[in-house]
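Going letter by letter, the sequence shown gives residues 8 to 255 in the numbering used here.
We treat Cβ as the ideally placed atom computed from N, Cα and C, and that holds for glycine.
Nothing here was measured: the structure is a model prediction, and the numbers come from that model.
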Amino acid sequence: MELNVVTLDIPVDRSCAIFATELEKRPQPQLPRSSEELEDLHKLLHFPEEVALRLTEIEYQLFYQVPPNEYLKHVSQDPIALQKSAARPPPSPSRSCSSPSTANSSTQTEEESSWPGVTVFSSVQTLINRFNEVNSWVTHAITSGATVEERQAVLSCLLRVALTCWNTGNFNSAMEIIAGLKSNKLKPFWPSVSEPIPVLEYLASALLSSEYEHALARALAMPECPVVPFFGAFLRELRGVIATEYKD
């Protein structure tokens, strides 16, 4: 059984090579409110598959450290409490050293158990903070390009990262990147992209449709696949269940 692997129809390799060359020519600006981990990933963008792997390592840990009751607690909180929680600074997942409990995932492999962990457990707010952090990192990575060509090269690299994440079952990182690319902060950038980008539109559509559910089911059926679902979809479904019960 295989995931529905999607291919990239833009000249990514050449663009990433251009980006790597430009990156070496000048110092990188400081990324605001970002962890050292994401700053390091910015320097590795010309190796998109490596970036995707590292994102998966961290986000696998974050996702499976959230106990099931934390999701219920989160959707039951009142909006004011949620706003106060969101104002807290996010933890830095790249600096922790504990390993995830195998009770959190039936698909954990021996290799995955050696990945750097986060805390004993995480709350849903940790996932939200992480989502916003990666989202901001994506927009910053593009806007920090000195030229139109460099910004377009960064876009190609980020699309390849998102595509690799989708193809390997890390749907959460794929959504983080697509959300960043769809941010209003990038509106001034898009007129410089003259050709349609089918992969961007495919992922943006698939992640919010039944195609995501099918891809998730296929990934979960493969024990060796370190699946990272899009947690926002699960929260939406849980809210729907709770709302239905209250009606009844």
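Can you check DSSP and say which residues form a bridge with residue i?
| i | result |
| --- | --- |
| VAL235 | ASN177 |
Just the Cα atoms here: how many angstroms apart are residue i and residue j?
| i | j | result |
| --- | --- | --- |
| PRO18 | GLY239 | Confidence at PRO18 is low in this model, with a pLDDT of 46, below 50, so the placement of that residue is unreliable and no value is reported for it. |
| ARG61 | PRO198 | 31 Å |
| LEU170 | LEU193 | 20 Å |
| MET182 | LEU207 | 11 Å |
| GLU56 | SER180 | 13 Å |
| ARG167 | ASN177 | 13 Å |
| GLY152 | ASN76 | 42 Å |
| GLU218 | GLU231 | 21 Å |
| ALA224 | VAL234 | 10 Å |
| TYR78 | GLU140 | 20 Å |
| ILE149 | GLY187 | 10 Å |
| VAL161 | ASN142 | 14 Å |
| GLN159 | PHE138 | 23 Å |
| ALA226 | TYR67 | 14 Å |
| LEU215 | THR154 | 32 Å |
| GLN84 | LEU48 | 34 Å |
| ARG243 | LYS80 | 14 Å |
Count the other CB atoms within 10 Å of the CB of residue i; is the residue buried (16 or more) or exposed (fewer)?
| i | result |
| --- | --- |
| GLY247 | exposed |
| THR175 | buried |
| ASN136 | buried |
| THR133 | buried |
| ALA250 | exposed |
| VAL145 | buried |
| VAL73 | buried |
| THR63 | buried |
| HIS221 | exposed |
| PRO205 | exposed |
| VAL212 | It is Ser, not Val, that sits at residue 212 in the sequence shown. With fewer than 16 other Cβ atoms within 10 Å, it is exposed. |
| GLU157 | buried |
What are the start and end residues of the alpha helix (DSSP H) that includes residue i?
| i | result |
| --- | --- |
| SER216 | Counting along the chain, SER216 falls outside any alpha helix (DSSP H), and DSSP gives it neither H nor E. |
| VAL82 | 75-83 |
| PHE70 | 55-71 |
| LEU51 | Counting along the chain, LEU51 falls outside any alpha helix (DSSP H), and DSSP gives it neither H nor E. |
*Which residue spans inside the stretch 130-213 form an unbroken alpha helix (DSSP H) run of at least 4?*
131-150, 155-174, 178-188 and 205-213
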